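See structure below.
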Amino acid sequence: MSSEEMYLRYHGLLLPKETHSLESLKFAQDFTFKDDDVVAVVYPKSGTIWMQEILPLLLNGGDLTPIQTIPNWDRVPWLEETRLEVVVDQLSSPRAMVSHFPYHLMPPSFHTSKAKVIYVMRNPKDVMVSSYFFHQMAGFLPDPGTFDEFMNTFLEGRVLLGKWTDHVKSWKHTELGDRIMYITYEEMVQDLPAALSRMSAFLDRDLSEEAIQKISEHCSFKSMKVNNMSNFSLVPKLYLDNDKSPFLRKGVVGDWKNHFSSEQLSRFTSVIHKELENESFTLPWSFD
Ligand code: PPS
Numbered sequence: 000m001s002s003e004e005m006y007l008r009y010h011g012l013l014l015p016k017e018t019h020s021l022e023s024l025k026f027a028q029d030f031t032f033k034d035d036d037v038v039a040v041v042y043p044k045s046g047t048i049w050m051q052e053i054l055p056l057l058l059n060g061g062d063l064t065p066i067q068t069i070p071n072w073d074r075v076p077w078l079e080e081t082r083l084e085v086v087v088d089q090l091s092s093p094r095a096m097v098s099h100f101p102y103h104l105m106p107p108s109f110h111t112s113k114a115k116v117i118y119v120m121r122n123p124k125d126v127m128v129s130s131y132f133f134h135q136m137a138g139f140l141p142d143p144g145t146f147d148e149f150m151n152t153f154l155e156g157r158v159l160l161g162k163w164t165d166h167v168k169s170w171k172h173t174e175l176g177d178r179i180m181y182i183t184y185e186e187m188v189q190d191l192p193a194a195l196s197r198m199s200a201f202l203d204r205d206l207s208e209e210a211i212q213k214i215s216e217h218c219s220f221k222s223m224k225v226n227n228m229s230n231f232s233l234v235p236k237l238y239l240d241n242d243k244s245p246f247l248r249k250g251v252v253g254d255w256k257n258h259f260s261s262e263q264l265s266r267f268t269s270v271i272h273k274e275l276e277n278e279s280f281t282l283p284w285s286f287d
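So, in structure tokens, the structure goes:
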């Protein structure tokens, strides 16, 4: 199948047809947010599945039932994907969702509600590496070609959800005030209990240290890798083939160092720098 046939084009962005449809996108646009909804917004390969594990536990005080009994895509559905319409009535309040949408595609009711957002960012070099391996295991995405070819595809934004820099810019310039919290994948890897405490304070949850520790253990890479409700082993190999490259692949910071040549590093860095040069915000990573 050509990449044209694998993607829908929605407001200029590529979305995989396997998980999105014109109906699901309309459903997302018409979706009515509630004030106590929580949505984790994540550019692909930056920690989405991780947030699908974390949010239910933070919101319910550490009851493991949802992560042990409901597959991640139904437990914390994507706003824009087809499953939302199927499971929305089964979501308990406060509802947790994830989204890969840029800010300007969020539906009208999101803006008028008080729903909270946790925006997760990851170093784009590691995002690109993770995405490269994801394209190898996902039957519904085009073949990435060589690593070098994929780097150009990624930098030009010819990937699902478009350019990383556009996504980050859109969510760094919002009018959400204290409804949005920013966190990085790296911060979560470095000290998950501290990251969980920060998220739980933002969500007005008063969790004990024991509860945070328990949640941290169950949301570790090691635990998620063996959780069949979160590791995509329930999905047929035709769609996601964990034998080609596991979805929960490495879960580390800085894997790009194992893949980038010095020429690729300077090419990558110069594009990202250029696209962010006039921005008022700073990013938490050095790009060199
Ligand atoms: S997707 O396809 O956009 O939904 O992918 P996403 O979930 O955003 O990103 C997948 C990467 O997140 C890593 N991951 C984790 N890292 C550390 N700890 C935990 N618990 C964890 N859960 C998921 C996953 O391994 C992918 O990164 P890579 O670098 O490929 O390992």
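Per numbering that gives the first Met the number 0, the sequence shown starts with residue 0, numbered consecutively.
Beta carbons are placed, not taken as given, at the ideal position from N, Cα and C, and that holds for glycine.
Computed from a predicted structure; not experimentally measured.
8 Å contact criterion, which residue i and residue j should meet: CB distance rounded
| i | j | result |
| --- | --- | --- |
| S2 | T81 | 20 Å between Cβ atoms; not a contact. |
| T31 | S108 | 5 Å |
| L21 | L14 | With a Cβ gap of about 10 Å, L21 and L14 do not count as contacting. |
| P43 | L159 | 6 Å |
| G61 | A210 | 4 Å |
| L56 | H217 | 7 Å |
| A114 | D29 | With 8 Å as the limit, A114 and D29 do not qualify as a contact, their Cβ atoms being about 15 Å apart. |
| F139 | M5 | 6 Å |
Cutoff 8 Å; reference residue i; Cβ partners in own chain excluding five residues on either side
| i | result |
| --- | --- |
| S215 | L191, P192, L195 |
| M228 | I66, Q67, T68, I69, P70, N71, R74 |
| E278 | K168, K171 |
| F280 | K171 |
Residues that residue i bridges to, as DSSP identifies them
| i | result |
| --- | --- |
| T183 | M120 |
| M96 | V38 |
| L12 | Y9 |
| K115 | V37 |
| W77 | V97 |
| A137 | L239 |
| K159 | According to the sequence displayed, residue 159 carries Leu and not Lys. Paired residue(s): L13. |
Residues near residue i in its chain [Cβ-Cβ closer than 7 Å; skip 5 each side]
| i | result |
| --- | --- |
| F220 | L247, G250 |
| L54 | V37, A39, V75, A95 |
| K124 | W255, F259, F267 |
| M223 | E52, S229, N230, L247 |
| V26 | The sequence as given places Phe at residue 26; Val does not occur at that position. The residues are L83, E84. |
| N226 | I66 |
Near the ligand PPS: residue i beta-carbon under 7 Å from a heavy atom
| i | result |
| --- | --- |
| F220 | yes |
| R82 | no |
| D254 | yes |
| V116 | no |
| P192 | no |
| F100 | no |
| W72 | no |
| K213 | no |
| K243 | no |
| G138 | no |
| R248 | yes |
| G46 | yes |
| S23 | no |
| M223 | yes |
| W49 | yes |
| F146 | no |
| D34 | no |
| P318 | There is simply no residue 318 to check, as the chain begins at 0 and stops at 287 in what is shown. |
| V188 | yes |
| F132 | yes |
| D88 | no |
| P76 | no |
| V158 | no |
| P55 | no |
Residues near residue i by beta carbon distance below 6 Å, same chain, minus five either side
| i | result |
| --- | --- |
| P143 | Y131, H134, F149 |
| G156 | K162 |
| T47 | V41, V97 |
| H99 | P43, L160 |
| V188 | V252 |
| L154 | V270 |
| E186 | A194 |
Residue-level contact to chain B via CB, residue i, 8 Å cutoff
| i | result |
| --- | --- |
| D142 | In the structure shown, chain B does not exist; there is a single protein chain. |
Point to revise | Three-pair Cβ contact test at 8 Å for the stretch 174–191 versus the stretch 153–165 | key: no
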